[in-house]
Amino acid sequence: NMLEPSTKMPWFKGWKVERKEGNGEGKCLIEALDAILPPARPTDKALR
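Okay, here's the thing in C-alpha coordinates:
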(Lines of atoms letter the chains of each structure in order from A and count residues from 1; the text may use other names and numbers.)
(Lines give C-alpha, C1' and ligand atoms only; values in the text may rest on other atoms or scores of the structure.)
Protein backbone atom coordinates (compact mmCIF):
# COMPACT_ATOMS: atom_id res chain seq x y z
CA ASN A 1 0.00 0.00 0.00
CA MET A 2 2.86 2.36 -0.58
CA LEU A 3 2.34 3.16 -4.24
CA GLU A 4 -0.87 1.35 -5.18
CA PRO A 5 -3.68 -0.41 -3.29
CA SER A 6 -2.93 -4.01 -2.35
CA THR A 7 -5.28 -6.98 -2.45
CA LYS A 8 -3.43 -8.47 0.54
CA MET A 9 -4.99 -5.91 2.90
CA PRO A 10 -8.76 -6.17 2.32
CA TRP A 11 -9.46 -4.75 5.80
CA PHE A 12 -7.90 -1.37 4.90
CA LYS A 13 -10.60 0.83 3.36
CA GLY A 14 -8.43 3.92 2.94
CA TRP A 15 -7.95 7.17 4.78
CA LYS A 16 -9.88 10.44 4.90
CA VAL A 17 -8.93 13.93 6.01
CA GLU A 18 -11.30 16.83 6.59
CA ARG A 19 -10.07 20.39 6.62
CA LYS A 20 -11.50 23.79 5.84
CA GLU A 21 -9.66 23.96 2.49
CA GLY A 22 -11.39 20.79 1.35
CA ASN A 23 -11.57 17.09 2.05
CA GLY A 24 -9.17 14.45 0.87
CA GLU A 25 -9.08 10.70 0.75
CA GLY A 26 -6.93 7.94 -0.63
CA LYS A 27 -5.72 4.39 -0.27
CA CYS A 28 -1.92 4.64 -0.55
CA LEU A 29 0.93 6.08 1.49
CA ILE A 30 2.10 8.25 -1.39
CA GLU A 31 -1.37 9.85 -1.61
CA ALA A 32 -1.29 10.56 2.13
CA LEU A 33 2.11 12.22 1.84
CA ASP A 34 0.91 14.31 -1.10
CA ALA A 35 -2.15 15.43 0.90
CA ILE A 36 -0.06 16.99 3.68
CA LEU A 37 -0.22 20.78 3.66
CA PRO A 38 3.00 22.47 4.82
CA PRO A 39 2.60 24.98 7.67
CA ALA A 40 2.59 28.68 6.89
CA ARG A 41 5.97 30.23 7.62
CA PRO A 42 6.61 33.94 8.12
CA THR A 43 8.62 35.23 5.19
CA ASP A 44 9.15 38.71 6.62
CA LYS A 45 11.21 37.51 9.61
CA ALA A 46 14.88 36.59 9.77
CA LEU A 47 15.94 32.96 9.50
CA ARG A 48 17.20 31.26 12.64
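Okay, so the sequence shown: first residue is 170 according to my numbering, each after it adds one. Even glycine gets a Cβ: it sits at the ideal position worked out from N, Cα and C.
Can you look up residue i in the DSSP assignment and give me helix, strand or coil?
{"i": "residue 190", "result": "coil"}
{"i": "residue 172", "result": "coil"}
{"i": "residue 202", "result": "helix"}
If I measure Cβ to Cβ from residue i and keep anything under 8 Å in the same chain, skipping five residues before and after, which residues do I get?
{"i": "residue 198", "result": "170, 171 and 172"}
{"i": "residue 212", "result": "none"}
{"i": "residue 204", "result": "186, 193 and 195"}
What does residue i pair with, by DSSP beta-bridge criteria?
{"i": "residue 184", "result": "195"}
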